[in-house]
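A short worksheet on the structure shown next.
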Amino acid sequence: MKSAARRVTLEVVGWTLVVAGIAALILPGPGLLMLFAGMAVLSQQYDWAAKRLAPVKYRAMRGAADGVATWPRIIGSTLAALFVAGLGVLWIVGPEAPRWWFLDETWWLAGGVAFGITQVLSAGIALGLIVWSYRRFHGKPEAIDDLERDIQRADSVHETSSHR
């Protein structure tokens, strides 16, 4: 019974992260990182996910490297994360609806404190990823070259295994 519950939990978490990651590829958010996390969870249950994990991982890391390639990108990402954190604090504090709010008051800051906490946590994760990416890739062309080689290697392994 315990293994069935674990399997269901892994599938729900994995597929949720995959769907959120796909959505975040279009919407603001770390889409490739969420997609990678979902694939990593699903790889514990499915061989197809395990086989496709490396290419997604390295492309997510490339996105992290690109995000800290220039100072405007670093500053923009940091400001966006701080903005999200600020919105989270606003949700947590929960001020009354302003007079210009034309919808019913129940729609003002819908989700309440729980939504605000998730925003603050998301911003914290984003800031942590910016710091990690900066330390790992900024001003380090050899790290980016290694990453490109890893991407090519993962792609060639994936292409070889998919042609069988």
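Letter by letter, the sequence shown follows residues 4 to 167 in the working numbering. Each residue gets a CB set at the ideal place from its N, CA and C atoms; glycine is no exception. Because the structure is a prediction, the values reported are computed rather than measured.
When the beta-carbon positions are compared, Leu-150 and Gln-122 stay at least 8 Å from each other. Residue environment analysis places Leu-20 among the buried positions, since at least 16 neighbouring C-beta atoms fall within 10 angstroms of its C-beta. Going by beta carbons, Ile-133 and Arg-65 fall outside the 8 Å limit.
When DSSP states are grouped into helix, strand and coil, Thr-109 belongs to the helix group. Taken atom to atom, the span from the alpha-carbon of Val-160 to that of Lys-54 is near 9 Å. For the 8 Å CB-CB criterion, Leu-45 and Gly-24 do not form a contact. Excluding sequence positions up to five before and after Met-42, its CB lies within less than 6 Å of the CB of Ala-52, Leu-56 and Val-59, all in the same chain and listed in chain order.
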